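*Asks:* Structure in structure tokens, see below.
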Amino acid sequence: MHQYWFFIGDFPIRAYGTLFALAFILGVGVTVYFAKVEGKQDWIDPFLDLAPLLLIGGIIGARIWQVFFFEWGYYSKNPQEILAVWHGGLSIQGGVVGALLIGGWYAWKKKLPFWELADLAAPGLILAQSIGRDANLMNGDAFGGPTGGDFGIIYPAGTIARETFGMQPLWPAEVWEGQFDIILFALLLILKTRTKKWPSGFIFLVYVAGYNAVRFFLENLRGDSTRYLFNWTAAHWSSALTVALALILIAWRFKVSKTQSIDQRDKGLETEEKVKIE
Numbered sequence: 001m002h003q004y005w006f007f008i009g010d011f012p013i014r015a016y017g018t019l020f021a022l023a024f025i026l027g028v029g030v031t032v033y034f035a036k037v038e039g040k041q042d043w044i045d046p047f048l049d050l051a052p053l054l055l056i057g058g059i060i061g062a063r064i065w066q067v068f069f070f071e072w073g074y075y076s077k078n079p080q081e082i083l084a085v086w087h088g089g090l091s092i093q094g095g096v097v098g099a100l101l102i103g104g105w106y107a108w109k110k111k112l113p114f115w116e117l118a119d120l121a122a123p124g125l126i127l128a129q130s131i132g133r134d135a136n137l138m139n140g141d142a143f144g145g146p147t148g149g150d151f152g153i154i155y156p157a158g159t160i161a162r163e164t165f166g167m168q169p170l171w172p173a174e175v176w177e178g179q180f181d182i183i184l185f186a187l188l189l190i191l192k193t194r195t196k197k198w199p200s201g202f203i204f205l206v207y208v209a210g211y212n213a214v215r216f217f218l219e220n221l222r223g224d225s226t227r228y229l230f231n232w233t234a235a236h237w238s239s240a241l242t243v244a245l246a247l248i249l250i251a252w253r254f255k256v257s258k259t260q261s262i263d264q265r266d267k268g269l270e271t272e273e274k275v276k277i278e
């Protein structure tokens, strides 16, 4: 792992930043692909206009979440580091919240169906998250705790992981999370390509529930977060609450879809009866 690819003079080309940019580009590319496949070509231009706003909202949300929810103890003592996002420290959960707020506002402004837009973006989003974990690995952040044995990752000097735990082998928490993200990406592709008509929002909510469930369990291996009640980190708490909310919303989206189907059927029957009478 290398924090820097190379230098241009004294200017470093950081692995974290380049992989982060790659994640964004590929995530957008996957979304545009599905827009074409699903016959939503007229959504491509609005989405491409939205994508930079999602990036900005995601970075702001990710940083706010990391600073104030996850590591306020550190940043309160090192306020000069709050804006230094190039040193790492972007919470995926906060990034999704920030992007959701921007996406919801944009969908309302442009009169686009929010849940369908979220379904369209979900596979690209989880793929981008997987690549983002590669960025964490290269940067030596989002690391696991000591394994207590002679197996695990030993991070190089200059990384936060090395400064925190020295030469101790650490659990590859960020690596395993990135791998689970790819599995979830494949699951979303399978759900999207099935002939069954899912309620709008279902694909996105499966992503939300699936990612946060995995994050909850892998958080037990993390070594970079403060622990609170039940020995849970802030990510434990936010993951548990998010999974519960996603499951409630899934049930609600199925109920709404069923109600709409019944209404459409009743309207169809009324139309047939009027035709017969005429």
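FYI, full-length UniProt numbering numbers position 203 of the sequence shown as 203, with every residue one higher than the one before it. C-beta: ideal position from N, C-alpha, C; glycine also. None of the values given here were measured: they were computed from a predicted structure.
Going by alpha carbons, who is nearest to A135 out of P169, Q168, W86?
*Replies:* The residue labelled residue 135 in the question sits at position 135 within the sequence shown. With distances taken between Cα atoms, A135 lies closest to W86.
*Asks:* By the 10 Å Cβ neighbour count, where 16 or more other Cβ atoms means buried, how is P79 classified, buried or exposed?
*Replies:* Locating residue 79 in the sequence shown gives position 79, counting from the first residue. P79 is exposed by the Cβ-count criterion.
*Asks:* Starting from W65 and walking both ways along the beta strand (DSSP E), at which residues does that stretch end?
*Replies:* Locating residue 65 in the sequence shown gives position 65, counting from the first residue. That residue, W65, is in no beta strand (DSSP E); it is neither H nor E in DSSP.
*Asks:* Note the first and the last residue of the continuous alpha helix (DSSP H) segment covering W176.
*Replies:* Indexing the sequence shown from 1 puts residue 176 at position 176. That run of the alpha helix (DSSP H) goes 173–193.
*Asks:* Need the endpoints of the alpha helix (DSSP H) that P123 sits in, please.
*Replies:* Along the sequence shown, one-based indexing puts residue 123 at 123. Counting along the chain, the alpha helix (DSSP H) containing P123 begins and ends at 114–139.
*Asks:* Can you tell which of W232, A161, F24 has the C-alpha that lies nearest to the C-alpha of F69?
*Replies:* Taking the first residue of the sequence shown as 1, we reach residue 69 at position 69. Selected option, being the one with the closest Cα: W232.
*Asks:* Would you tell me roughly how many angstroms separate the C-alpha atoms of Y75 and G166, rounded to the nearest one?
*Replies:* To locate residue 75, count along the sequence shown from 1; it is residue 75. To locate residue 166, count along the sequence shown from 1; it is residue 166. Straight-line Cα distance between these residues: approximately 21 Å.
*Asks:* Taking all protein chains shown into account, do 16 or more other C-beta atoms lie within 10 angstroms of the C-beta of F185, making it buried, or fewer, making it exposed?
*Replies:* Taking the first residue of the sequence shown as 1, we reach residue 185 at position 185. So F185 ends up on the buried side.
*Asks:* Threshold first: 3 residues or longer. Then list the beta strand (DSSP E) segments lying entirely within the region 5–61, N to C.
*Replies:* As far as the region 5–61 is concerned, its whole beta strand (DSSP E) runs of at least 3 residues are 11–14.
*Asks:* Who pairs with R215 in a beta bridge, going by DSSP?
*Replies:* The residue you call residue 215 lines up with position 215 of the sequence shown. Bridge partners of R215: none, in fact.
*Asks:* Decide if P52 is buried, meaning its Cβ has at least 16 other Cβ atoms within 10 Å, or exposed.
*Replies:* Position 52 of the sequence shown, counted from the first residue, corresponds to residue 52. With fewer than 16 Cβ atoms within 10 Å of its Cβ, P52 is classed as exposed.
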